[in-house]
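Residue numbers for the sequence shown follow this note's numbering, beginning at 42 and rising by one. We treat Cβ as the ideally placed atom computed from N, Cα and C, and that holds for glycine. Everything on this sheet refers to the single structure shown next.
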Amino acid sequence: MNIALVGKMTRFLLFKVSILAFLFGGLASCLLQPTKKESASSCAQTSQEQAVPKFLSQTCLYDDVQRFRISKQVHRFTPNYQLWSDGALKSRWIYLPKGKKINSDDPDRWVFPVGTQFFKEFRKTISIAPGIEREIKVETRHLMKVKEGEGIDAWSLVAYAWQEDQQDARLMTKGAQHVLGTNHNIPSQEDCETCHKGNIDIILGFDAIQLSDVQGKYAFGHGPKRSSGEWTLKTLLDDRVLTNPMSQPVLPGNPMEQKVLGYLHANCGNCHNPLGHAAEQEAEHLKLRHELEFDTLLKTHVYQTAVNQTTQNFTIAPYIVMGAKHEEMALYNSALFVRMNSVDEEYRMPMLARETVDYAALQLMHNWLLTLDTPQDYDFGFDKRKMEKNKVKATVNLPALKFNNAKGLQVNVEFATEQDVPPVMILYWSQDTGLQKNSVMDHVEGDFTEKLIVGNKGSTMSLRNSDDVGHTIYVKDKRKNVKWQLSYMPPGSVFEKDLFWDEDIFVEMRCRLHLYMSAWVGSITSRFHKIVEFKEGQRQLQVVMTDFPENFTQLKIWMPKINPIDMAILPGEQQEFVLKTANKTRGTLAIKRMPQ
42 MNIALVGKMT
52 RFLLFKVSIL
62 AFLFGGLASC
72 LLQPTKKESA
82 SSCAQTSQEQ
92 AVPKFLSQTC
102 LYDDVQRFRI
112 SKQVHRFTPN
122 YQLWSDGALK
132 SRWIYLPKGK
142 KINSDDPDRW
152 VFPVGTQFFK
162 EFRKTISIAP
172 GIEREIKVET
182 RHLMKVKEGE
192 GIDAWSLVAY
202 AWQEDQQDAR
212 LMTKGAQHVL
222 GTNHNIPSQE
232 DCETCHKGNI
242 DIILGFDAIQ
252 LSDVQGKYAF
262 GHGPKRSSGE
272 WTLKTLLDDR
282 VLTNPMSQPV
292 LPGNPMEQKV
302 LGYLHANCGN
312 CHNPLGHAAE
322 QEAEHLKLRH
332 ELEFDTLLKT
342 HVYQTAVNQT
352 TQNFTIAPYI
362 VMGAKHEEMA
372 LYNSALFVRM
382 NSVDEEYRMP
392 MLARETVDYA
402 ALQLMHNWLL
412 TLDTPQDYDF
422 GFDKRKMEKN
432 KVKATVNLPA
442 LKFNNAKGLQ
452 VNVEFATEQD
462 VPPVMILYWS
472 QDTGLQKNSV
482 MDHVEGDFTE
492 KLIVGNKGST
502 MSLRNSDDVG
512 HTIYVKDKRK
522 NVKWQLSYMP
532 PGSVFEKDLF
542 WDEDIFVEMR
552 CRLHLYMSAW
562 VGSITSRFHK
572 IVEFKEGQRQ
582 LQVVMTDFPE
592 NFTQLKIWMP
602 KINPIDMAIL
612 PGEQQEFVLK
622 TANKTRGTLA
632 IKRMPQ
């Protein structure tokens, strides 16, 4: 037989064997290896235990841990509106202690009895060979009410990460990234609490709207749909496990509008409600969680606080939800639409537990926005280019600045138009390396107190908030690979932050909550520098700089969004530069140096 042919056949057989081993590896390990798993526990027993099990198999989720058969003690349920989790498929189960009832006195916010347990399983589809895919478990979360009361302190929240052999899941005390090579991330304990504190007794996705059998007709969201035999609101009512019976709720509006309200309730309303994280972040004005008393669209929080309401924080877009019925470009003036379409952590919504876009939901929002009236008084500025051209033509020619015989450095700067004027400029002699400076940036009346602060690499910035509102300060410059973010700064707080980027790098500092705020932070080593702030529309300015070493010759000039200047200049010399952004001319700069 041909040796080469034998080799090809051998490699092919080995490939097929490896695929089969991967596909059925879990079964093989059960058959060939002794199990170390403990027998399945009863939920009543685990509800009494204080220690958190180290493995998922030691909880009461499974009736047969070797075959991973779900326990009959727990009941599967599927919410009508599922939370987007980067395309993960999910299954959910509840254990309700025998003889106990869910307190539904507040029909919108249920309170659960001690011993209640929830399980939520996340699965991802992976490719194991060309044309061959396999669904694997990546995470199971376990929430158990451990004491009387309400809120985070009454619950245990833990997550289990599934092992590669898919035989068990191990307790994760911290978050994890890209579990089993997928795009699934396990959140940290802090992130879990951030999302779950938006409900009075922390449980999300198990409420009247989410379980309503009637509302299920217009369910929406990524994942398996509800199957027969699952717990629904009818089950709870029939089994009399709610303290107060209720009718089957239905969201107001047509089928599309119901899907929108339900999606926002599930994906946004957990933060955007008076108890949620957003209310602590200066966004208490926006409420997206539905309440059962809203029997018409116009009564809902969505229509009262979002539809055709102007933004107060995310000011890149002028409206929270802008109707696009009469002008489709209004879509891109809606913060909701823009942020759902973003994966940047500074802009995307929801902020946590999402790194990909839910395109089905985005299409739903697109269709819905096209049905909402466009505000009549909004100027889209379609004639803006014409207006700007006219404005440039009408720009007044200013008399040229003239040098005098003053000692030191004289800089005459002139900008072509008012729109070309930057907020700030710095001149510094780069030969000096003696700067040891801890800079201070404060916040007053909704803005930064300085337009530019500088320090040497390794120094400390003191960021203070003397404002009467909170701020969340961040820096993200992809071109310079600089990124950091402070947690929420309440009024009166002070944070220290190291200046960690390299010399001659200037980055913009912003506020996530108030995007109109802007200042700059630069890394330099020179003690001999001068910062100049321009007034709005100030097209001309003469700057004088003295008290620097006479033997210095290397001067650098930086302004935001304008190409930096790096020059050598001796006493008695005069030089001129064209100020540009890329190849666009923004103005001119002339510089003269005289002996000091």
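Here's a check: name, in chain order, each residue in its chain whose Cβ is nearer than 7 Å to the Cβ of Y259, leaving out the five neighbours to either side. P296, Q299, K300
Can you give me the start and stop residues for the alpha helix (DSSP H) that T235 sits inside? 230-237
Should V535 be labelled buried (16 or more other beta-carbon atoms within 10 Å of its own) or exposed? exposed
Quick one: Cα of T458 to Cα of F618, how far? 17 Å
E486 beta carbon less than 8 Å from that of D508: yes
Secondary structure at V379, three-state DSSP: helix, strand or coil? helix
Within its chain, find whatever has a CB closer than 7 Å to the CB of N382; leave out the 5 residues flanking it on each side and keep chain order. V398, L403
Which partner residues of G563 appear in the DSSP bridge assignment? V495, F547
Does the beta-carbon distance from M502 to L554 come in below 8 Å? no
Just how far apart, CA to CA, sit Q451 and N522? 34 Å
Report the option in F160, A85, W525, Q99 whose CA atom is closest to the CA atom of T119. F160
Given a cut-off of 8 Å, decide if H313 and L638 are closer than it, judged by their beta-carbon atoms. The chain is shown from 42 up to 637; residue 638 falls before or after that span and cannot be answered.
With a threshold of 8 Å, are at least 3 pairs of Cβ atoms found where one atom belongs to the region 360-371 and the other to the region 403-416? yes
Return the first residue and the last residue of the beta strand (DSSP E) that L252 is part of. L252 -> not in any beta strand (DSSP E); alpha helix (DSSP H) instead, spanning 249-252.
Does DSSP classify I610 as helix, strand or coil? coil
Backbone CA spacing between A320 and Y557 [nearest angstrom]: 20 Å
Could you give the distance in angstroms between the alpha-carbon of Q353 and the alpha-carbon of F593? 48 Å
At a threshold of 7 Å, does R175 count as lining the ligand FMN (C-beta to nearest heavy atom)? Because no ligand of any kind appears in the structure shown, any question about the ligand FMN cannot be addressed here.
Hey, would you say G499 sits closer than 8 Å to N479, going by beta carbons? no
Please state whether the Cβ-Cβ distance between K165 and Q207 is less than 8 Å. no
Inter-residue spacing [alpha-carbon to alpha-carbon] between L327 and Q472: 52 Å
Who are the Cβ neighbours of Q579 in its own chain at under 7 Å, not counting the five residues just before and after it? V462
Report yes or no: do the region 235-250 and the region 149-160 share at least 3 C-beta pairs separated by less than 8 Å? yes
Drop a sphere of 10 angstroms on the beta-carbon of H570, count the other beta-carbons inside from all chains shown, and report buried for 16 or more, exposed for fewer. buried
How big is the Cα-Cα spacing for K266 and T513? 38 Å
If you measure between the beta carbons of P416 and N349, is that distance less than 8 Å? yes
Mind checking who G140 pairs with in its DSSP beta bridge? G140 is not bridged to any residue.
Name the DSSP bridge partner or partners of K161? R133, R182
W203 beta carbon less than 8 Å from that of L221: yes
Could you tell me if F585 is buried or exposed, where buried requires 16 or more neighbouring beta carbons within 10 angstroms of its beta carbon? The sequence given here has Val at residue 585, not Phe. So V585 ends up on the exposed side.
Assigned secondary structure, L527 (DSSP; H/G/I helix, E/B strand, else coil): coil
What's the C-alpha gap between G310 and L316? 10 Å
So, using beta-carbon positions, are R634 and I606 closer together than 8 Å? no
Pick helix, strand or coil for Q299, following the three-state DSSP scheme. helix
Burial state of P228 (16 or more Cβ within 10 Å): buried
Which term fits K434, buried or exposed, when burial requires 16 or more other beta carbons within 10 angstroms of its beta carbon? Here K434 scores only 47 on pLDDT, less than 50, and its place in the model should not be relied on; the value that follows carries that caveat. Counting Cβ neighbours within 10 Å, K434 comes out exposed, since fewer than 16 surround it.
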